[in-house]
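Trainee:
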Amino acid sequence: MMRSLLNTACVAALAFGSLAFGARPLEARDRSADGELDLGTIFVRGAKRPQEALSFPGAVAEVDASELQAREVRNIADLDRVFPGLTVDTRSARVYSNFTLRGQSSLDYYNPSVQVYVDGLPQDPAVLAQMFPGALENVEVLYGPQGSLYGRGAVGGVINVTTTKPGEGTPFSWSAGGSDQGYQAQMRGQVQLGDGLWADLSLARDDAEDDLDVMGTGEDVGGTVEDRAQLRLRYAPEGSPLDIMLSAARNRIDSSEEQFVKGTELSGRKAVPFPSDYIQDTDSYGLTADYDLGWGKLSLLTGYQDRSLDRTIFGSYTPEWQKTLTQELRLSSATGGPVDYMVGLFYSHTKFHRDAYGASTLQKTDSYAAFGDLTWHATDRLDVTAGARWDYEKTDATATGAVSLDGSDDWSALSPKLGVSYALAPDWQAYGIVSSGFKAGGFTRTLTPSNISYTYDPATTWNGEAGLKYRSGDGSVEASVAAYYSVTDDYQMFVGPAASQYLQNVGEVTAKGIDARLRVNRGAWGVTGGATWGSSRFTGYDNASGTDHDGNDVPYAPDFTARLAVDYTHDLGHGRGSLIPRMGLSYQGKVWFDEANSLGQGGYWLVDAGLAWDMGQDRVLDLYATNLTDETYASYGFDASGYGLGDVYQLGRGREVGIRFTQSF
């Protein structure tokens, strides 16, 4: 059934041409009758209960779909171009993407420190860098440990993706565009089937052309085609306390992006002549149900993902399969009382299988959690928040073939949280928070004959943060500054040569820094910016191989990142709509690709620009350019001397210039 749905998606996408964002078209900022900005109150969706962003005791950033479209941010991996403190590196392939948030690097890509949720459902780590789902509404980033709010929990933070549900938004939307780097296609249509019963269908394709040549042969490689189809059914009768939604989706990535370039060939973009390609298929199913009790809301969320990765890297065949079932039951209070609360239970079952280098590994993991978060409104200015999470995880693992091992173990932990928020004035809020996070131990999944260790221990993180927030009365100006400090004991990361890495504890890591953000919407101008200054270091390195890297930077954790976006809305008058020129800048400081700090990428700027013509009646014509200066930069690298190549690197994509038309009706 899902394969037929995907075939339909491809045919429909081609019929519409190249489509880009199924969300509503880019619009000029909403204004009241007198022409002033009307931005309303911003709520933190990720808090799991209505809570204003200003009073939320922690750092949170939000971007809506129209702004992401304007910046040509098509997938979750590109979010580091708009969110300060976030960096995303593809690390060989997008299925092994590394998400770093405030120095918390996801060096275990099978259990990342930063988690991604789509409509409340946790995502398989191999699809964290996926294209956005149809009907995208907004994306939030919550910084720091979030175990008291989220079922799966997250040590580094959470990326929370929210879509427009069936029965909301326009009946049909589509977008078509192409560039010198390929084309994109997306559409969404919805229909009412009965009283309170709605269905919608989203179809998408993103085709990025080959951008590298193979040394010696001249073969074109490096391209990626991603297809997605999603069907949803929602039952939410008007006036009823019940809101239930079923979803089924299929995502396919067919890619030869896993190419590497010798250090001497970077400018020529010449890939080394070793076969590398993969196809990943992911089927996702979801059931989300909310029931309004009057005094609170009861929520049930069930997700199931089945993915297969058919992969060849440097001529070696390394396929893997994973199936994950997640279930969450949550009760959240209504607002307006002296205490707001949320409590929940979580369960997940994961089955993982991988074949590589003459060995086969099979692991089964069961995770259980109880979590809760409570805010006491002590006075009209002072809020006190307390939270806690209890985790229990059990893993059974076997390995056969060139290496034969088996084991079973379990781990548990209690992770508390305490925070305060104080209104210094109606527009000013100060907060402080101490929180903790836990990552269970386990058995390394990338088993090779040269592995030193098969098992690793749990990791524990303590995080402290203090900040100041401002939001003007009309919402046209928002600003925040925060200082953070975290210490992780028994930090988990892959170590060793690239072809035979294994997961191991490496001792203590300390991350600290300051981040600042500003958003201004005044008149026709819009300015959004932010920067994070910090460090993430090994402060007590300890590894079975006996290597000492004390004082080294944690891989993929830059000391400085900055983001800036500026746009201006010019009314053409006479019913001709408006022109919206824009420019975006993003800077990433130097990062290292290994714990020895021997291979890395220096700091670099990326420049985006565009011009949108908002014609009115939900129609937009958009010209855009990403990486305008055609900056050459690496997202991953390793020592390939064993292949006679020396240092090799994986390159980010070059300049892209394109055009897109978007319409809703």
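According to mature numbering (1 follows the signal peptide of the UniProt record, and there is no 0), the residues represented by the sequence shown are -20 to -1, 1 to 645, in order. For every residue, glycine included, the Cβ atom is placed at its ideal position computed from N, Cα and C. Only a predicted model underlies this, so the values are computations on that prediction, with no experimental measurement involved.
(1) If F540 and D598 are in contact, beta carbons under 8 Å, what's the gap, nearest whole angstrom?
(2) On the DSSP letters alone, give me the boundaries of the beta strand (DSSP E) that S328 sits inside.
(3) Report the rounded CA-to-CA distance for Y348 versus S279, giving the unit in angstroms.
(4) How many angstroms separate the CA atom of K374 from the CA atom of D619?
(5) Taking DSSP as the reference, what is the three-state secondary structure of Q49?
(6) Apply the 10 Å Cβ neighbour rule to V102 and answer buried if 16 or more other Cβ atoms are within range, or exposed otherwise.
(7) Determine the extent of the beta strand (DSSP E) in which R517 is found, giving its start and end residues.
(8) If you run the structure through DSSP and keep just helix, strand and coil, what is Y76?
(9) Should G506 be labelled buried (16 or more other beta-carbon atoms within 10 Å of its own) or exposed?
(10) With which residues is G422 paired in a DSSP beta bridge?
(11) Checking 9 Å against the spacing of the C-beta atoms, do S256 and G203 come in under that value?
(12) Could you give the distance in angstroms between the alpha-carbon of F63 and the alpha-carbon of V121?
(13) Would A(-12) be called buried (16 or more neighbouring beta carbons within 10 Å of its own) or exposed?
(14) Contact check, S621 vs R71 under 8 Å by CB: the rounded distance?
(15) Specify the secondary structure class of A109 as computed by DSSP and reduced to three states.
(16) Could you tell me the distance, in whole angstroms, from the CA atom of I224 to the CA atom of Y215?
(17) Which residues mark the beginning and the end of the beta strand (DSSP E) in which V534 is found?
(18) Where does the unbroken beta strand (DSSP E) through K397 begin, and where does it stop?
(19) Since L601 and F641 should fall inside the 8 Å C-beta cutoff, what is the C-beta to C-beta distance between them, to a whole number of angstroms?
(20) Considering only C-alpha positions, which residue in the set L565, S566, G38 is nearest to A463?
(21) Hey, D187 and Q172: beta-carbon distance below 9 Å or not?
(22) Which of helix, strand or coil does DSSP assign to E42?
(23) Quick check on L19: does DSSP put it in helix, strand or coil?
(24) For Q643 and D594, what's the separation of their Cα atoms in angstroms?
(25) Does DSSP classify E308 as helix, strand or coil?
(26) Can you give the Cα-Cα distance for L427 and M473, rounded to whole angstroms?
(27) Answer yes or no: do T54 and M111 have a C-beta to C-beta separation smaller than 9 Å?
Mentor: In this structure, then:
(1) No, F540 and D598 are not in contact; Cβ-Cβ is about 40 Å, not under 8 Å.
(2) 319 to 336
(3) 17 Å
(4) 35 Å
(5) helix
(6) Note that residue 102 corresponds to Pro in the displayed sequence, not to Val. So P102 counts as buried.
(7) 505 to 521
(8) helix
(9) buried
(10) Y436
(11) no
(12) 8 Å
(13) Caution applies to A(-12), whose pLDDT of 37 falls short of 50 and renders its modelled position unreliable; the value that the coordinates give is listed next. It counts as buried.
(14) Not quite, the Cβ-Cβ distance comes to about 20 Å (not below 8 Å), so this is no contact.
(15) coil
(16) When only Cα atoms are considered, I224 and Y215 end up about 5 Å apart.
(17) Premise fails: V534 is in no beta strand (DSSP E) and is neither H nor E.
(18) In the DSSP assignment, K397 falls within the beta strand (DSSP E) that extends over 385 to 405.
(19) 5 Å
(20) G38
(21) no
(22) strand
(23) With a pLDDT of only 46 at L19, under 50, the local geometry of the prediction cannot be trusted, and the value read off the model is given with reservation. DSSP places L19 in coil when its eight states are reduced to three.
(24) 10 Å
(25) In the structure shown, the three-state DSSP call for E308 is strand.
(26) 14 Å
(27) Checking the sequence shown, residue 54 turns out to be Arg, not Thr. A contact, by the Cβ cut-off of 9 Å.
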